[in-house]
Amino acid sequence: MLFVAVPVGLYVVGGSPIPDGLPTWSQVSGALMRPDTDHSLFLGVIRLMGWAAWLFLVGLVAAEVVGYLAGRPVPRLPGLARPVQYLARDLVAMAALLFGTTASLTGPSATPVAHAVPITVDQTGIPSAGSAQESAAPVAPTTGEESPRRWRTRVVKRGDTLWSIARREYGAGRLYPRIFRASENLDQPQGLSKLTDPDRIHPGQRVRIPYPVDDTPPPRRDVQRTTPRIDHPQERTTGATPTDQATSPDAIPPAQSPSPQRPDRPSTTRPSTSVASTPPQSSTGHGHAPTPAPRQTTSERNNAPPFTVTLPTGTHVGIGLATAISIAIAATRLQRRRRRTYGTTWPDQPAPNPTPPAAAAKVRKAHLDTYAEQDQPIPTDAELIEQDLALPAPDRLTLGIRNGQEVTVPLPGLGLGLTGTGAPDVARAIATELLATSHRDRAELVIPEPVAQVLFPKTDLTALATAKPGLIITPTPAAAITHLETETIHRARLLDNADQPDVPALRTTDPSEPFPSLAVITTEPSQALHTLIQLGSRYAIAAIVLAPWPAATTLHITDDDTTHAQGPHADALTGTRLFKVTGPDTHDLLQTLRTAHIPDDEPVPISTPRAPEPGHPEPAPPNPLQASERLVKLHVLGPVRLEAAGNPIDTGLRRNARELLAYLALHLNGATREQATTALWPDHTPKAATTTLHTAINNIRKTLRQATGLREPMFVIHAGTRYRLDPHLIDVDLWHLEATLTQARQAPAGPARLKALQPIPALYTADFATDLAHDWAEAHREHLRRTAIDALIYLANLTQADHPDQALTIMEQALKHDPYSEPLYQSVMRLQADLGRPDAVRRTYQLSVTRLATLDTEPAPETYQLLVDLLRHLSLHDSQK
Numbered sequence: 003m004l005f006v007a008v009p010v011g012l013y014v015v016g017g018s019p020i021p022d023g024l025p026t027w028s029q030v031s032g033a034l035m036r037p038d039t040d041h042s043l044f045l046g047v048i049r050l051m052g053w054a055a056w057l058f059l060v061g062l063v064a065a066e067v068v069g070y071l072a073g074r075p076v077p078r079l080p081g082l083a084r085p086v087q088y089l090a091r092d093l094v095a096m097a098a099l100l101f102g103t104t105a106s107l108t109g110p111s112a113t114p115v116a117h118a119v120p121i122t123v124d125q126t127g128i129p130s131a132g133s134a135q136e137s138a139a140p141v142a143p144t145t146g147e148e149s150p151r152r153w154r155t156r157v158v159k160r161g162d163t164l165w166s167i168a169r170r171e172y173g174a175g176r177l178y179p180r181i182f183r184a185s186e187n188l189d190q191p192q193g194l195s196k197l198t199d200p201d202r203i204h205p206g207q208r209v210r211i212p213y214p215v216d217d218t219p220p221p222r223r224d225v226q227r228t229t230p231r232i233d234h235p236q237e238r239t240t241g242a243t244p245t246d247q248a249t250s251p252d253a254i255p256p257a258q259s260p261s262p263q264r265p266d267r268p269s270t271t272r273p274s275t276s277v278a279s280t281p282p283q284s285s286t287g288h289g290h291a292p293t294p295a296p297r298q299t300t301s302e303r304n305n306a307p308p309f310t311v312t313l314p315t316g317t318h319v320g321i322g323l324a325t326a327i328s329i330a331i332a333a334t335r336l337q338r339r340r341r342r343t344y345g346t347t348w349p350d351q352p353a354p355n356p357t358p359p360a361a362a363a364k365v366r367k368a369h370l371d372t373y374a375e376q377d378q379p380i381p382t383d384a385e386l387i388e389q390d391l392a393l394p395a396p397d398r399l400t401l402g403i404r405n406g407q408e409v410t411v412p413l414p415g416l417g418l419g420l421t422g423t424g425a426p427d428v429a430r431a432i433a434t435e436l437l438a439t440s441h442r443d444r445a446e447l448v449i450p451e452p453v454a455q456v457l458f459p460k461t462d463l464t465a466l467a468t469a470k471p472g473l474i475i476t477p478t479p480a481a482a483i484t485h486l487e488t489e490t491i492h493r494a495r496l497l498d499n500a501d502q503p504d505v506p507a508l509r510t511t512d513p514s515e516p517f518p519s520l521a522v523i524t525t526e527p528s529q530a531l532h533t534l535i536q537l538g539s540r541y542a543i544a545a546i547v548l549a550p551w552p553a554a555t556t557l558h559i560t561d562d563d564t565t566h567a568q569g570p571h572a573d574a575l576t577g578t579r580l581f582k583v584t585g586p587d588t589h590d591l592l593q594t595l596r597t598a599h600i601p602d603d604e605p606v607p608i609s610t611p612r613a614p615e616p617g618h619p620e621p622a623p624p625n626p627l628q629a630s631e632r633l634v635k636l637h638v639l640g641p642v643r644l645e646a647a648g649n650p651i652d653t654g655l656r657r658n659a660r661e662l663l664a665y666l667a668l669h670l671n672g673a674t675r676e677q678a679t680t681a682l683w684p685d686h687t688p689k690a691a692t693t694t695l696h697t698a699i700n701n702i703r704k705t706l707r708q709a710t711g712l713r714e715p716m717f718v719i720h721a722g723t724r725y726r727l728d729p730h731l732i733d734v735d736l737w738h739l740e741a742t743l744t745q746a747r748q749a750p751a752g753p754a755r756l757k758a759l760q761p762i763p764a765l766y767t768a769d770f771a772t773d774l775a776h777d778w779a780e781a782h783r784e785h786l787r788r789t790a791i792d793a794l795i796y797l798a799n800l801t802q803a804d805h806p807d808q809a810l811t812i813m814e815q816a817l818k819h820d821p822y823s824e825p826l827y828q829s830v831m832r833l834q835a836d837l838g839r840p841d842a843v844r845r846t847y848q849l850s851v852t853r854l855a856t857l858d859t860e861p862a863p864e865t866y867q868l869l870v871d872l873l874r875h876l877s878l879h880d881s882q883k
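Structure follows, in structure tokens:
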């Protein structure tokens, strides 16, 4: 139309722009001097302007086509010509997208370009947090002048400080002066003053975040420990230990169909040492790069097999989804702690926390076992969340395991067809992993509603889409394609405005711009979808089709997990045991992901200090504390450890023995063999679990006898059908704390209860068994934290009237044990205000901002309003003096 219809219309209306002959100077001057009564001169000028505009637009379109073919962006034109240039770029993009002209632009190939790509082997595996940090955009400040266009503007929100902004942007709050210097002369919205003091910024003000070209990111605290390192791979059935180093390339082994497992209990295999990820390479073209070939990750040391988890239901997942589930459970618990109010129900026992769904709990347990097996500290919930904050948008997808190696494919530009009875389970695994990484605008999954109902049975799709902004459910497959087409045009414009070749490059230039990796799961391999995938490498788009896809690679998955592939990458994918998630487990995993992020606008309860009413006392358990000084001390508050005669026992004690000691410490009256083996080794057969129990007891006795120099004591007593620790020989710190809590509950309200509560601050020193990942350990860890902090706040409330400074010290100790509870911060701020300490009130609020920033959130408006009210009250009180 541009090259034919427009010139024909101009010719019909105004005639040819080419004159019959060149006019003389006298003709030109005469035409300009005489009155234009017939408007011939005006119409002639309009005609020439129309032809000139058409020629200009044609030239721009031709330049854009040449740039598209050459893979280089056309330089931007200045002034009023720039909008016309954007129009030409949009015309080229829409033509390629909507009318399938990509093939004519990239070359006369009737088959997908991926056929010409050789299958390569690379050591790139699952991204670890460390690699995420390496591939992050440069953000640290340097000295010297700022490079042009290397900054962005951010609007200050309530609760922000320059320190918190610098910590979030650069990873170090101490770099806030750079933001202040760059923002001093920045024009502010009407009614707001310019920045003059780095300690005083107001909501609505704008600050400039500089990103010089040569900057490198400052080091962050090393908590991004997705997986520990493996030194000596061994056969096992209960743990997995990924590492953080990639290996050198190796040849792809010949295709081989693995024999599928059908275990009757969860099983895991060791993780690969290949978990580091290289940053995605920026495409040099305009999105018509060939579909990248799949890669197999290999192990550098001893060919350790990659990490996998297999559940009794048939679900089979890898390290990526397992890590995401661990992070989701950690986020759920921390969000609950953020809104928890302490001290209002004591001395009654707190209600138990909701437990994670069974499938999610098993996957998380297998993931955390990777740390314990290598004697590395198990990451706390906060460390897992901080690790998640450093992860970039996913650029690769791990499909499964083949010949002991992970098979990964680049996500941008991925086109994959799935057929066979196992196709829905494989699609669920892909969808669940993408949804697990969708928060913070890292990924977006588009699914038509009919497909979502098949993949996510018994799931409230509306609630899921509301809780997971990265999930887009469209009414029909055609609507899903339309959504991707709209997003593609939007991204094309943003890339053109920024003069960047592709989405990964733009993410590096402006990390604050939300550019999630897009993926669609549908049932129709249309020509429009194929065109989108041809552009996918540039615009970070992938497609999974639950049907044969002749234009891409199609995988046929049978009931026995055998995979047959057809298409460009058939040789590399045939025989892969693909990851999958069964229907029942899908509901559990999605429920875990849905509860991981409570909406920020959910109200936070306001803490009000009051002394709770006494509850009904419970009968006290047998108290072992009246015995004489014991030979051995068992510490289960913090990491499980033993002491003999005041000296730590650092060697000889196996991990299974430490787990048994912690379990028996919880059961003062002992536990049966069945109870112990089921709790400690649920994935063992009864015979193997019994053998492990006897081995652990023997190891405990042998280690303690050597440490004490005594040969007779048993230390672990077997009386009747129960095993228990000998309370006359072993002293346990947990027993002291629980006995004190019980005595305080049973004491009458008043001075007696106050006296009974006073030892608790010294007794509750750490969480229970922080190096154990069992369900029972985590449940008691949460219960003990809530119970002890309830008692601390109750004690502070009783002490506050007569000894406010002592009450403040107790509250601050409670805050150290749970630094994410906003009601605790409110209580501390209120007590500091009562003591007339405005600076302390400000510091406490700022501490809450810093702590909650690790959860990617900020204090609620109620907490900020409390700060304002307290400071206003203190200011009025000072003015009246």
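In the working numbering, the protein residues as written are 3 to 883.
The C-beta atom is built at its ideal place from N, Cα and C for all residues, glycine as well.
Where the alpha helix (DSSP H) through W778 begins and ends: D777 to Q802
Contact between the stretch 758-777 and the stretch 693-707 (3+ Cβ pairs under 8 Å): no
Length of the line joining the Cα atoms of G322 and A330: 12 Å
Under 8 Å between C-beta atoms of A384 and F581: no
Selection from P459, K689 and H204 that minimises the alpha carbon distance to R156: H204
Spatially closest choice to A374 from P471, A659 and P358, by CA coordinates: A659
Y796 beta carbon less than 8 Å from that of L759: yes
Chain-order list of residues whose beta-carbon lies under 8 Å from that of Y827 (same chain, five-residue window excluded): L817, T846, Y847, L849, S850, P861 and T865
CA-to-CA distance, A333 to V718, given in whole angstroms: 38 Å
Which listed residue (E814, A775, P354 and S829) has its alpha carbon closest to that of Q378: A775
Extent of the continuous alpha helix (DSSP H) to which E171 belongs: L164 to Y172
Identified DSSP bridge partners for Y725: A673 and H720
Inter-stretch contact at 8 Å, needing at least 3 Cβ pairs: the stretch 408-421 / the stretch 531-548: yes
Contact set for S877: own chain, Cβ-Cβ below 7 Å, skip 5 residues either direction: none
Among G422, L706, L662 and M716, the one whose alpha carbon lies nearest that of T692: L662
Buried or exposed (CB count within 10 angstroms, at least 16 for buried), D498: buried
Three-state secondary structure (DSSP) of N187: coil
C-alpha gap between V411 and T400, whole angstroms: 6 Å
Backbone secondary structure at R154 - three-state DSSP: strand
Rounded distance between the beta-carbons of L810 and Q919, thought under 8 Å: Because the chain in this structure spans residues 3 to 883, residue 919 falls outside the shown range and cannot be described.
Cα-Cα separation, P527 to K364: 36 Å
Buried or exposed (CB count within 10 angstroms, at least 16 for buried), R84: exposed
The stretch 342-351 / the stretch 310-318 touching (three or more Cβ pairs under 8 Å): no
Q389 to A395 span [Cα, whole Å]: 13 Å
Endpoints, alpha helix (DSSP H) assigned at L878: P863 to S881
Nearest-angstrom Cβ-Cβ length linking L486 and V453, presumed shorter than 8 Å: Their Cβ separation, rounded to whole angstroms, is 14 Å, which puts L486 and V453 out of contact at 8 Å.
Alpha-carbon to alpha-carbon, P750 and P244: Unreliable placement is indicated for P244, whose pLDDT of 33 sits below 50; no coordinate value is reported for it.
Residue of A542, T560 and G569 minimising C-alpha distance to A554: G569
Pair within 8 Å by beta-carbon distance, K635 and D773: no
Nearest-angstrom Cβ-Cβ length linking P359 and D590, presumed shorter than 8 Å: 3 Å
Alpha-carbon to alpha-carbon, D92 and A494: 8 Å
Residues bridged to N649 [DSSP beta-bridge criterion]: A646
Boundaries (first-last residue) of the alpha helix (DSSP H) holding H589: G585 to R596
For I475, the nearest candidate out of I48, L872, I491 and L457 (CA to CA): L457
Rounded straight-line distance, which links the Cα of T594 to that of P650: 40 Å
Spatial distance of A646 from T346 (CA atoms): 40 Å
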